[in-house]
Amino acid sequence: MNGAAVIVALRVAATPQAAFTAFTRDIGTWWKSHPLFQLSRKGDGALRFDPAGPGGRLVTRFADGEEWEIGPVRHWLPGERLAFGWRLPSFAADQGTEVDVRFEAVGAETRVTVEHRGWGAIPQQHVARHGFELMLFQRRLGEHWRALLKAMAERA
Numbered sequence: 001m002n003g004a005a006v007i008v009a010l011r012v013a014a015t016p017q018a019a020f021t022a023f024t025r026d027i028g029t030w031w032k033s034h035p036l037f038q039l040s041r042k043g044d045g046a047l048r049f050d051p052a053g054p055g056g057r058l059v060t061r062f063a064d065g066e067e068w069e070i071g072p073v074r075h076w077l078p079g080e081r082l083a084f085g086w087r088l089p090s091f092a093a094d095q096g097t098e099v100d101v102r103f104e105a106v107g108a109e110t111r112v113t114v115e116h117r118g119w120g121a122i123p124q125q126h127v128a129r130h131g132f133e134l135m136l137f138q139r140r141l142g143e144h145w146r147a148l149l150k151a152m153a154e155r156a
């Protein structure tokens with residue numbers, strides 16, 4: 001996978017276990033659609049891990065009832081690490097990115113670090129990149145992930 005990555009970290013007023021639970025169990029609540037980063041023309045739908053745990057997958061259900069598998073869970077270590085594939089419906093069969101989330105205790109808080117990698121393999125002309133050069137795209141996607149983490153922190 002091409003190494004081009006977006007890395008965002010945020011401290012959360014919760015234990016690593018509580019932050020992990022908020023990220024995984026409550027993703028359908030805190031995940032907010034963004035005009036530049038919608039999963040499809042249908043929006044983002046309602047995200048969930050199904051089943052929650054090792055061997056699961058991140059899926060979304062759109063308003064019309066259609067489901068889409070965003071990606072398989074690759075690591076599920078409660079309170080430590082979560083990694084999963086990330087594919088949009090518009091990706092070709094050989095295209096995909098990966099999200100790796102780390103949960104690290106820092107005093108009474110938890111640093112949640114999201115690394116979303118593999119974007120260098122997605123062409124600039126692809127609808128997911130909006131024609132942005134890689135560095136600009138990474139900056140905008142980083143802003144989106146930061147907003148998502150702030151929303152998740154409110155649930156932790």
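Take 1 as the starting number for the sequence shown in the working numbering and just add one per residue.
Just so it is clear, CB atoms sit at the ideal spot from N, CA and C, and this is done for glycine as well.
What's the C-alpha gap between residue i and residue j?
i           : j           : result
residue 108 : residue 93  : 43 Å
residue 61  : residue 44  : 8 Å
residue 8   : residue 55  : 26 Å
residue 14  : residue 68  : 31 Å
residue 124 : residue 135 : 11 Å
residue 28  : residue 133 : 30 Å
residue 171 : residue 52  : This structure cannot settle anything about residue 171, because the visible part of the chain is limited to 1 through 156.
residue 150 : residue 23  : 11 Å
residue 34  : residue 80  : 27 Å
residue 36  : residue 130 : 8 Å
residue 140 : residue 30  : 19 Å
residue 95  : residue 21  : 29 Å
residue 18  : residue 155 : 9 Å
residue 63  : residue 143 : 26 Å
Mapping DSSP to helix, strand and coil, what is residue i?
i           : result
residue 143 : helix
residue 137 : helix
residue 15  : coil
residue 151 : helix
residue 121 : helix
residue 25  : helix
Tell me, to the nearest whole angstrom, how far the beta carbon of residue i is from that of residue j; I am working on the premise that it is less than 8 Å.
i           : j           : result
residue 16  : residue 105 : 5 Å
residue 127 : residue 12  : About 32 Å; that fails the 8 Å criterion.
residue 88  : residue 40  : 7 Å
residue 65  : residue 86  : With a Cβ gap of about 22 Å, residue 65 and residue 86 do not count as contacting.
residue 6   : residue 145 : 6 Å
For residue i, tell me which candidate among the options has the shortest Cα-Cα distance.
i           : options           : result
residue 245 : 82, 22, 14        : For residue 245 there is no data in the structure shown, the boundaries of the chain being 1 and 156.
residue 84  : 11, 112, 116      : 116
residue 57  : 148, 49, 99       : 49
residue 4   : 149, 155, 99, 130 : 99
residue 147 : 131, 32, 95       : 32
residue 74  : 90, 101, 63, 38   : 101
residue 10  : 110, 38, 119      : 110
residue 25  : 47, 103, 118      : 47
Inset, instruction - Pick out the complete alpha helix (DSSP H) segments inside the segment 28-52, 4 residues or longer, and give them in chain order. - result: none
Inset, instruction - Tell me the start and end of each unbroken beta strand (DSSP E) in the segment 80-108 that is at least 3 residues and wholly inside, in chain order. - result: 81-86, 97-106
Legend entry - Segments assigned beta strand (DSSP E), at least 3 residues, entirely inside the segment 52-82: 57-61, 67-77
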